[in-house]
Amino acid sequence: MEPALPLLNCGGKLLDLSSPRVMGVLNVTPDSFSDGGDFFSRQAAIARAWSMVEEGAAIVDVGGESSRPGAAEVTVAEELRRVLPVIETLARELPVPVSLDSTKPEVMRAAASAGAGLINDIMALQRPGALAAAAETSLPICLVHMQGIPRTMQLDPRYDDAVEEIHRFFVTRILACEAAGIAPERLIIDPGFGFGKKTQDNLHLLRALNRFCDLRLPVLVGFSRKSFLGDLTQRPVAERLASGLVAGVIAVLKGARIIRTHDVAATVDALQIAEQAHCYQN
Ligand code: 8Y4
């Protein structure tokens, strides 16, 4: 059976998921090309966002807190300094919704007021106050599964059955969202590749991604440049494009609707072929 074709209202901009879409990554952290805090890095971030839209991104995901394994936390004030000016400009200028990659309720509120169209939370609204803050925004929310916290999540992640545990996690979080006044129609789920998972856990999740389809919510995934791709191919971070593209295509064939990536143009091409060659029977 063909799934329903959701149209998400991202703060006034519509996100049509009748075809798989690409979410472009825009980091505004000091370890990326630009920290968003000064005029020049702001201009660089805005230029990069425009080029991702020209390459076919349907969403631009702006993050000011590095969520890489081992990364340190940043203060609310610092995160606001990095992301708010960029979100405010992009929300006004871009034809596509701007998503906020953050776990902090204060940043969610401020970004929504500045015009953000979606909240992407790697802590799935488990921080104190995050459920209430997200509820108030009336924006769609991507709930990401993570075992542990970024600083230590890759030290010794363990599951008895990663797919079933993560499936149960989403059932619980969807109920918590409903209790907080967030309708399931606003939710996107993401098993969180690389977030407290060993290489084999990531493979099990990709292989069984269609297990999450019974939750009847759009599925988002991010593979680009992640270390499990390097683990499987013996490639450094700069040479993980091909493996990331194939993972994205497999994910879409198993029902994913949004791929989060640094490599927008190549991913848009890959998904075009996956979608057009895909058939729901057989
Ligand atoms: C090199 C480059 C090595 C990047 C690691 C990384 C996801 C996400 C991230 C994801 C959703 C990352 C914010 C991790 N990954 N949000 N965010 N899904 N929804 N690491 O998979 O890119 S950051």
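Numbering (the working numbering), first residue to last: 508 to 789.
Glycine is no exception: its CB is placed at the ideal position from the N, C-alpha and C atoms.
The bridge partners DSSP lists for Leu713 come to none. Burial is judged here by how many other beta carbons sit within 10 angstroms of a residue's own beta carbon; Asp721 has fewer than 16 and is exposed. DSSP lists no beta-bridge partner residue for Lys704. Around the beta carbon of Ile780, fewer than 16 other beta carbons sit within 10 angstroms, so the residue counts as exposed. Scanning its chain for C-beta atoms nearer than 8 Å, with the 5 sequence neighbours on each side dropped, one finds around Arg742 the residues Leu736, Ser750, in chain order. Residue pairing of Cys649 in beta bridges, as defined by DSSP: Asn627, Ile695. Look at Asp608: its beta carbon is less than 7 Å from one of the heavy atoms in the ligand 8Y4. DSSP places Arg680 in the helix class (H, G or I) of the three-state scheme. Judged by their CB atoms, Leu694 and Ala758 are not nearer to each other than the 8 Å cut-off. A distance criterion of 7 Å places the beta-carbon of Lys733 in contact range of the ligand 8Y4, judged by its closest non-hydrogen atom.
Within its own chain, the residues whose Cβ lies closer than 7 Å to the Cβ of Pro576, once the five positions on either side in sequence are excluded, are Pro657, Met660, Gln661, listed in chain order. One thing to note: Val728 has its Cβ no nearer than 8 Å to the Cβ of Asp776. According to DSSP, residue pairing for Ser609 in a beta bridge does not occur. With fewer than 16 other CB atoms across the displayed protein chains lying within 10 angstroms of its CB, Arg599 is exposed.
Scanning its chain for C-beta atoms nearer than 6 Å, with the 5 sequence neighbours on each side dropped, one finds around Gly531 the residues Met559, Ala564, Val567, Val771, in chain order. By the Cβ neighbour-count rule, Val678 is exposed, with fewer than 16 other Cβ atoms within 10 Å of its own. Between the ligand 8Y4 and Leu727, a heavy atom-to-CB distance of less than 7 Å is present.
Look at Cys684: its beta carbon is at least 7 Å from all of the heavy atoms in the ligand 8Y4.
Here DSSP, grouped into helix, strand and coil, assigns Gly751 to helix. DSSP, reduced to helix, strand and coil, places Cys786 outside both helices and strands of the structure shown, so it counts as coil.
By the Cβ rule, the segment 645 to 657 counts as touching the segment 614 to 633, because three or more pairs are nearer than 8 Å. Distance between Met615 and His769, taken at the CA atoms: about 23 Å.
Assignment of beta-bridge partners to Val775 by DSSP yields no partner.
Each of Thr706, Pro592, Asp708 was checked against the Cα of Phe547, and the nearest Cα belongs to Pro592.
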